[in-house]
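**Student:** Residue numbers (the numbering used here): 391 to 896. C-beta atoms are modelled at their ideal positions from N, C-alpha and C, and glycine is treated no differently. Fair warning: this is a prediction, and the values are worked out from it, not measured in the lab. One structure is given below, represented as structure tokens, and several questions about it will come after.
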């Protein structure tokens, strides 16, 4: 059996961190290989080495039997390797086609041939059944569409080995199925695919073999057909993990949130149209819809990030439609944003300072004058690092140096560690491992059990069904149905998300 990739004795040291510890990793030609492990296990680091973004401290790499030494991504591309990163590498002000061909632009004479770029991108999209608008500006398209653009960009470069880091994190179930078909087509064409993912169902459905890392070391490689999701989880975490939290029956009946005829525009587009909803204390309201249906805009209206064009927002009976984000936070509204890098963190600040953001004006964190009480700040950070198992060498470490999942845990820990009455969580478990997902589920349901209200926006239907007391389904900025999760199915919700028949009201 010919191997596309052989990595031997890969070790990668960073200051205070041993990211990869003598890792061996083999991938056969024309196979789909899943690389799994907890956040911070070293998966992305190992693949960044394969893609030339890091030069390993020790170890050797062979590509199709040829020893290689790669010092940058251009070296990797020359060796037939492409990578789609978890955090998108796109230029927002450029259009889709311009992003895809960047570095390999078609020319007409001395000038960029934009029409030819569009034609080439359309050809790749047709070949691999990917729907994107080559002329759309990246800044104006959804995260799900941006993910597809990244996949198209890699395919355009003709890579024989394609690394996908959390490729389905923002995709709907239908889009995930389509991606599975694309991966099988790539495999049939002789391409080799490596997937870094936390979604064990996709690991089982997509891959031929699985390699598990834990704390920088290789635990083992197994054939996918020979293991169950529970066995994969045990290899990753070292113990059994249950999702969904521990919801209990409660009798809280105070109306915490009311949206009355909310409409909202984004440019000339109506992103929310006549939304009316209510939410009681001790209730989790799941918001489901395909990416770009208005869920994020709805979350932003509730938190004050976005102003509605009409309608009103009532919180505990008070009209807060015009209240600032800071004012809403003071009143007990917590917000976990979809994009942790753009809206949730200041990456250059330390972990302890990111865990304080939004609370720095509280008396217990103030010293004399405008100075912070560093002892209290550090104590707060150490408590949250422990409670949420944030994997960091030190609380003073810059947030930018942590894995994506640990960055997400910083945001979640900060927002729900106080005493909020309402938590608005937009994709709170996107791109994180199963143990971290379980911790966040437990935290959200614990708050719910104590009377806190939760608005949960998620593209994960299984998560919506597990956690929600009611489910509001959105399509093109409208609520098309409110469902009881005990009386519906993934298929019914999926149909409604795509504009199918309206569900019953509950």
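Is the CB-CB distance between residue 662 and residue 654 below 7 Å?
**Tutor:** On the chain shown, residue 662 is found 272 positions in, with the first residue counted as 1. On the chain shown, residue 654 is found 264 positions in, with the first residue counted as 1. Yes, they are a contact pair.
**Student:** Skipping 5 residues on each side, what residues in its chain have a beta carbon closer than 6 Å to that of residue 815?
**Tutor:** Reading the chain shown from its first residue, position 425 is the one you call residue 815. If we look at residue 815 and ignore the five residues flanking it on each side, its Cβ neighbours are 726 and 846.
**Student:** Just to confirm my understanding: we take residue 495, look at its own chain, exclude 5 residues before and 5 after, and list those with CB closer than 6 Å. What are they?
**Tutor:** Numbered from 1 along the chain shown, position 105 holds the residue referred to as residue 495. So the qualifying residues of the chain are 502.
**Student:** Tell me whether residue 678 is buried or exposed, calling it buried when 16 or more other Cβ atoms sit within 10 Å of its Cβ.
**Tutor:** To locate residue 678, count along the chain shown from 1; it is residue 288. When all chains shown are included, residue 678 counts as buried.
**Student:** In chain order, what residues of the same chain lie with their CB nearer than 6 Å to the CB of residue 403, ignoring the 5 residues before and after it?
**Tutor:** The count along the chain shown starts at 1 and reaches residue 403 at position 13. Only 447 meet the Cβ criterion.
**Student:** Do you know offhand how far residue 530's Cα is from residue 487's?
**Tutor:** Here residue 530 is taken as the residue at index 140 of the chain shown, counted from 1. Here residue 487 is taken as the residue at index 97 of the chain shown, counted from 1. Their Cα atoms are separated by approximately 14 Å.
**Student:** Rounded to whole angstroms, how far is the Cβ of residue 587 from the Cβ of residue 558, which I believe are closer than 8 Å?
**Tutor:** Against the chain shown, residue 587 aligns to sequence position 197. Against the chain shown, residue 558 aligns to sequence position 168. Going by Cβ atoms, the distance from residue 587 to residue 558 rounds to 7 Å, so yes, they are a contact pair.
**Student:** Does the region 798-809 touch the region 601-617, meaning 3 or more C-beta pairs lie closer than 8 Å?
**Tutor:** No, because fewer than three Cβ pairs between the region 601-617 and the region 798-809 fall closer than 8 Å, the two stretches do not touch.
**Student:** By the DSSP assignment, the beta strand (DSSP E) with residue 648 in it spans what residues?
**Tutor:** Taking the first residue of the chain shown as position 1, residue 648 is located at position 258. Residue 648 -> beta strand (DSSP E) spans 645-656.
**Student:** Evaluate the contact criterion for the region 764-779 versus the region 742-756: three or more CB pairs, one atom per stretch, below 8 Å.
**Tutor:** As far as the Cβ criterion goes, the region 764-779 touches the region 742-756, which means the pair count is three or higher.
**Student:** What do you get for residue 893, buried or exposed, if any count of 16 or more other CB atoms within 10 angstroms of its CB means buried?
**Tutor:** Along the chain shown, one-based indexing puts residue 893 at 503. Because the pLDDT at residue 893 is just 45, under 50, the model does not fix this residue reliably, and the value given afterwards should be weighed accordingly. Under this definition residue 893 is a buried residue.
**Student:** Is the region 776-796 touching the region 714-725 in the sense that three or more CB pairs, one from each, lie closer than 8 Å?
**Tutor:** In short, these stretches do not touch, since the Cβ pair count stays below three.
**Student:** What first and last residue would you give for the alpha helix (DSSP H) that runs through residue 831?
**Tutor:** Here residue 831 refers to the residue found at position 441 when the chain shown is read from its first residue. Residues 824-839.
**Student:** From this set, 600, 637, 634 and 635, which residue's C-alpha is nearest residue 619's C-alpha?
**Tutor:** Translated into positions along the chain shown, residue 619 becomes position 229. Out of 600, 637, 634 and 635, 600 has the C-alpha closest to the C-alpha of residue 619.
**Student:** Under 7 Å between the Cβ atoms of residue 854 and residue 676?
**Tutor:** On the chain shown, position 464 is the one that residue 854 refers to. On the chain shown, position 286 is the one that residue 676 refers to. Taking 7 Å as the Cβ cut-off, residue 854 and residue 676 qualify as a contacting pair.
**Student:** Could you give the distance in angstroms between the alpha-carbon of residue 592 and the alpha-carbon of residue 625?
**Tutor:** The residue labelled residue 592 in the question sits at position 202 within the chain shown. The residue labelled residue 625 in the question sits at position 235 within the chain shown. Distance between the alpha carbons of residue 592 and residue 625 is about 17 Å.
**Student:** If we ignore side chains and look at the alpha-carbon of each, how far apart do residue 398 and residue 410 end up?
**Tutor:** Translated into the one-based positions of the chain shown, residue 398 becomes position 8. Translated into the one-based positions of the chain shown, residue 410 becomes position 20. Spanning the two alpha carbons is a distance of roughly 11 Å.
**Student:** Within its chain, find whatever has a CB closer than 8 Å to the CB of residue 408; leave out the 5 residues flanking it on each side and keep chain order.
**Tutor:** Mapped onto the chain shown, residue 408 falls at position 18. The answer, listed in chain order, is 401, 402 and 606.
**Student:** Taking the C-alpha atoms as reference points, what is the distance between residue 477 and residue 883?
**Tutor:** For the purposes of this step, residue 477 is identified with residue 87 of the chain shown, where counting begins at 1. For the purposes of this step, residue 883 is identified with residue 493 of the chain shown, where counting begins at 1. Spanning the two alpha carbons is a distance of roughly 28 Å.
**Student:** Any beta-carbon of chain B closer than 7 Å to the one on residue 746?
**Tutor:** Looking for chain B here will not work: only one protein chain is present.
**Student:** In the DSSP assignment, find the alpha helix (DSSP H) that holds residue 507 and state where it starts and stops.
**Tutor:** Residue mapping note: residue 507 aligns to position 117 of the chain shown, counting from 1. 504-518 is the extent of the alpha helix (DSSP H) around residue 507.
**Student:** Go to residue 594, then tell me how far its beta strand (DSSP E) extends in each direction, as first and last residue.
**Tutor:** To locate residue 594, count along the chain shown from 1; it is residue 204. Residue 594 -> not in any beta strand (DSSP E); alpha helix (DSSP H) instead, spanning 590-596.
**Student:** Would you mind reading off the limits of the alpha helix (DSSP H) that contains residue 433?
**Tutor:** Taking the first residue of the chain shown as 1, we reach residue 433 at position 43. Looking at the DSSP string, the run of the alpha helix (DSSP H) that includes residue 433 is 433-440.
**Student:** With respect to the alpha helix (DSSP H) encompassing residue 853, which residues constitute its N-terminal and C-terminal limits?
**Tutor:** If you number the chain shown from 1, residue 853 lands on position 463. It spans 851-857 - the alpha helix (DSSP H) in which residue 853 sits, taken as one unbroken run.
**Student:** Pop quiz: residue 819 and residue 827 are said to be a contact at Cβ under 8 Å. What is the actual Cβ separation, rounded to whole angstroms?
**Tutor:** Residue mapping note: residue 819 aligns to position 429 of the chain shown, counting from 1. Residue mapping note: residue 827 aligns to position 437 of the chain shown, counting from 1. About 5 Å; that satisfies the 8 Å criterion.
**Student:** Within 10 Å of its beta-carbon, does residue 511 have 16 or more other beta-carbons around it, so buried, or fewer, so exposed?
**Tutor:** Numbered from 1 along the chain shown, position 121 holds the residue referred to as residue 511. Buried, because 16 or more other Cβ atoms sit within 10 Å of the Cβ of residue 511.
**Student:** Residue 692 by DSSP, collapsed to three states: which one?
**Tutor:** Walking along the chain shown from the start, residue 692 turns up at place 302. Here residue 692 sits in helix by DSSP.
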